[in-house]
Each structure stands twice: as C-alpha cells, then as structure tokens.
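Residue numbers (our numbering): 19 to 147.
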C-alpha cells in the first residue's frame with residue numbers, strides 16, 4: 019500500500035479571493051442594531067460594528083480595510099469597544115471577550131426588529147462574569 023498526498027491551491031479554503039463584491043446594505047437593520055446594548059458591556063450608547071474577519075463555517079468571507087461586509091455582519095458595540103475591536107486582531111478581540119461574533123450577528127439578523135429577542139440573544143452570548 020502506498021501513501022499519497024493531495025496537493026491543493028493555497029487559497030482553496032479561503033473565503034476571500036481578493037475581489038471586492040457589492041455590499042448588501044440594510045439601513046433598517048443598522049438602525050435596529052444601534053438600539054441594542056453593547057454586546058461587551060451593556061452600554062446603550064452603541065455603534066454598528068461590522069465584522070471584517072472571515073469564517074468558512076459561517077460562509078463569511080474576509081473583507082479588507084477598503085471594503086465593508088454586508089450589514090447582516092454587524093454587532094452593537096459602544097464606542098470604546100468598537101475602537102478596541104479595530105485596534106487589534108479582530109479574532110483576538112472576540113476571543114478575549116468570549117463571544118462568537120459570527121453566530122451572534124446571524125442571530126441578530128434573523129430577529130432584526132424584535133428588540134426583546136435580540137436582548138435575550140445578547141445576554142446569552144456574554145460569558146458569565
């Protein structure tokens with residue numbers, strides 16, 4: 019029996035292929051996100067923070083500095099946490115906060131318009147302190 023190795027292209031499992039794609043905008047969803055508490059601290063003064071990193075599992079491709087992802091990939095963050103998110107590795111930020119940003123943003127997109135359901139989702143997404 020002989021062993022063999024299957025060669026693959028380095029970008030075979032990459033979500034991003036370096037091409038900008040038209041962004042799906044949803045102003046109503048962004049307005050909804052801005053009504054919710056910060057997912058990190060609960061502050062009511064929030065901004066809609068887009069998740070730029072990619073996740074193959076969630077079919078979310080990377081987006082670069084010159085490109086914003088679709089509006090469904092947003093979470094409510096207070097200005098301090100939003101700046102912190104952009105000041106470091108995004109993956110490290112979310113890991114440190116103990117929050118799965120992909121799952122939570124998809125849940126918020128699904129319940130967009132229902133503030134009560136969104137607040138329950140945010141509370142459950144926060145790690146116990």
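Cβ atoms here follow ideal geometry from the backbone N, Cα and C, with glycine treated the same way. Remember, it's a predicted structure, so these values are computed and weren't measured experimentally.
*asked:* Quick check: what's the CA-CA separation for residue 42 versus residue 90?
replied: In the chain shown, counting from the first residue as 1, residue 42 sits at position 24. In the chain shown, counting from the first residue as 1, residue 90 sits at position 72. Approximately 8 Å, taken between the alpha carbons.
*asked:* According to DSSP, simplified to helix, strand and coil, what is residue 123?
replied: Working through the chain shown from its first residue, we reach residue 123 at position 105. Residue state, collapsed to three classes: helix.
*Could you check what DSSP says for residue 78 in three-state terms: helix, strand or coil?*
Counting from one through the chain shown, the residue named residue 78 turns up at place 60. Three-state result, residue 78: strand.
_Taking the beta carbon of residue 110 as the centre, do at least 16 other beta carbons fall within 10 Å, making it buried, or is it exposed?_
On the chain shown, residue 110 is found 92 positions in, with the first residue counted as 1. Label assigned to residue 110: exposed.
_Please list the terminal residues of the continuous alpha helix (DSSP H) segment that includes residue 135._
Walking along the chain shown from the start, residue 135 turns up at place 117. Start and end: 133 to 143.
*Can you tell me which of 72, 55, 70 puts its alpha carbon nearest to the alpha carbon of residue 64?*
Residue mapping note: residue 64 aligns to position 46 of the chain shown, counting from 1. Comparing Cα positions, the closest option is 55.
_Just to confirm, is the Cβ distance from residue 119 to residue 51 under 8 Å?_
As a first step, residue 119 must be located in the chain shown, where it is residue number 101. As a first step, residue 51 must be located in the chain shown, where it is residue number 33. Not closer than 8 Å, so no.
*By a C-beta neighbour count over all protein chains shown, 10 Å radius and 16 as the cutoff for buried, is residue 101 buried or exposed?*
In the chain shown, residue 101 corresponds to position 83, counting from 1. Exposed, because fewer than 16 other Cβ atoms sit within 10 Å of the Cβ of residue 101.
_Whole angstroms are fine: how far does the CA of residue 73 sit from the CA of residue 135?_
Your numbering for residue 135 matches position 117 in the chain shown. Your numbering for residue 73 matches position 55 in the chain shown. For residue 135 and residue 73, the distance between alpha carbons rounds to 24 Å.
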